[in-house]
Amino acid sequence: MAFIDGTVVNVALPAIQRDLHSTLFEAQWVVESYALFLAALLLVGGSLGDRFGRRRLFVIGVAIFAAASIGCAISRDVQTLIAARAVQGVGAALLMPGSLALISASFPEGERGLAIGTWSGFSGITAALGPVMGGYLVDHFSWAWAFLINVPFALAVLVIAITRVPESRNPHASSSLDIRGALLATLGLGGVVFAFIEAPTRHWDSPAVLLALTAGIAALAGFVLAEWKGREPMIPLGLFRNRNFAGTNLLTLLLYAALGGGLFFLPLNMIQVQGYSATAAGAALLPFILIMFALSSWAGRLVDRVGPRLPLVIGPLIAAVGFAALGLPSTGGSYWTSFLPGIVVLGFGMTVTVAPLTTTVMNAVGPEATGVASGVNNAVSRVASLLAIAMFGSLMAWAFDASLRDALQAARLPQDVVALVQSHRSELAALQLPPQVDAATAAAVHRAVGDAFVTGFRWVMAVSAVLALGGAAISAVSVRAGAGPGEKKDRAS
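For the sequence shown, our numbering gives the first residue as 174, with consecutive numbering after it.
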């Protein structure tokens, strides 16, 4: 459910934007409200499962996720959809940490590798099929089915979990929860995200934007202080004294910001500008997913063969080339010559990076801290995507507005049409003209809007490439080829 939902919603966004008459920034909130609560509460969800029962929290999370999915499907305005997505994010924060924890607790050590491998395989399959299946449902039925598809899965999972999965707890789990840290993280991330999403329409000098940004930064500073001083912190900041752990998490922040922010706009480009169907746009990323799925085992052995530094430098460099290539197409080109090369290169770059990155994170700490290390790295990747989508939206709006203004002036369109387009520019490529506008004028407007969106998309891809290059530089400087504490303990034993 989590992997399908993570890939389907972006494909459904153009239909959601059209049917609910929402702006780009409201469409961003459809993604960001879910991502905000998932990122802020992910580690708390894991702690709650350890303390109160992993199966219990997993079942509660699945039930909340399913109920919120129904709420998303029946939403008749974008505000209700955003609220339902926020609740869905809370459910995901409870169920996602429990999935692997339940596997680890339910299988003996000799069978655990096969069980986790099966989990990974199904994750890859659903990540690949999710966008295609979701695109088909959007094209032939409604975007609501992109959410309703979760319900039968949820019912099956609930039956299996309740009847077949044994309960487990961590007997050494702390009796205290870092509620203060979770609240500060939610407020901090929410304030920053609100400021960047709302600034293009409210402007940066708006009291609401300035207040949200100031409060967000202050809350994030308070979060760091609370984690540093707290006795049972959600994120033990002492882990970041390890160079490999700090370096790989900074690489995660930069690379997943590029990936999450860049790929948010790709389906919008394909569907609203290039004219792809939702099914075709969903299938467009299949090569990316299949490359990662097919080569993941090979990539996982790279650390053992050449050490962590080389793949963590080369992988982001290849990914940067992929992002840059995705920014090259204009409008009207063939998928095979315009988007496919960039998607393939990006997929290979991420494949070279992801498994060595995860291995290096786990090897950087001792066996007793691997759960925390994995949770922190997962949370960093979620936060990266959350912040990038908000910030890239501001970048897209700036580039789109400037390009559209110039294109409308060059086209010498009637002033009433120009005024109408400018008043609806926050919808970006989803902008719709009234039927009384003549065909020639409408074609000129759509051409100007499409070119303006492509200009903004190129800026987004260029920044994504720069972020990936920054990740490669961080790896070259901070990741050491030698063994981390976890590796040293294993070898000593």
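For glycine and all other residues, C-beta sits at the position ideal for the given N, C-alpha and C.
Residue state for residue 316 is assigned as coil, using DSSP reduced to three classes. Taking all protein chains in view, the Cβ of residue 351 is crowded by 16 or more other Cβ atoms within 10 Å, so the residue is classified as buried. Minimum Cα-Cα distance from residue 191 among the listed residues 249, 387, 610 and 479 corresponds to 249. Note that the region 262-270 touches the region 231-238; at least 3 beta-carbon pairs, one per stretch, sit closer than 8 angstroms. Annotated three-state conformation of residue 340 is coil, per DSSP.
Your pair residue 255 and residue 206 checks out as a contact, with CB atoms roughly 5 angstroms apart and the cut at 8 angstroms. Spanning the alpha carbons of residue 455 and residue 499 requires a straight line of approximately 16 angstroms.
Contact between residue 361 and residue 392 holds, with the beta-carbon distance rounding to 4 angstroms and staying under 8 angstroms. The C-beta distance from residue 652 to residue 481 rounds to 5 angstroms, short enough to meet the 8 angstroms contact threshold. Counting only runs that start and end inside the region 373-447, the alpha helix (DSSP H) elements of at least 4 residues fall at 380-402 and 416-441.
Taking 8 angstroms as the upper bound for CB-CB distance, residue 484 and residue 475 are in contact here, some 5 angstroms apart. Within the model, the alpha-carbon separation for residue 434 versus residue 555 is close to 11 angstroms.
Between the beta-carbon of residue 523 and that of residue 492 there is about 6 angstroms, and that keeps the pair under the 8 angstroms contact cut. DSSP places residue 177 in the helix class (H, G or I) of the three-state scheme.
A straight-line Cα-Cα distance of about 21 angstroms links residue 448 and residue 574. Taking the Cα positions, residue 638 is about 6 angstroms away from residue 497. A straight-line Cα-Cα distance of about 22 angstroms links residue 257 and residue 600.
Within the same chain, and ignoring the five residues on either side of residue 450 in sequence, the residues whose Cβ sits closer than 6 angstroms to its Cβ are 312. By the CB criterion at 8 angstroms, residue 382 and residue 400 fall outside the cutoff. Minimum Cα-Cα distance from residue 397 among the listed residues 408, 404, 622 and 533 corresponds to 408. CA-to-CA, the gap between residue 318 and residue 181 works out to about 10 angstroms. Apart from the 5 residues on each side of it in sequence, residue 271 sits with its Cβ closer than 7 angstroms to the Cβ of 222, 227, 230, 231 and 234 in its chain, given in chain order. Across the set 374, 641, 379 and 174, the C-alpha of 641 shows the shortest separation from the C-alpha of residue 426. In this chain, the alpha helix (DSSP H) harbouring residue 589 covers 588-596. DSSP places residue 304 in the helix class (H, G or I) of the three-state scheme. With contacts defined by Cβ atoms closer than 8 angstroms, residue 526 and residue 606 do not form a contacting pair.
For the pair residue 299 and residue 176, the CB atoms are nearer than the 8 angstroms cut-off. Taking a 10 Å sphere around the C-beta of residue 506, we find fewer than 16 other C-beta atoms and assign the residue as exposed.
Around the Cβ of residue 532, a 10 Å sphere holds 16 or more other Cβ atoms; the residue is buried.
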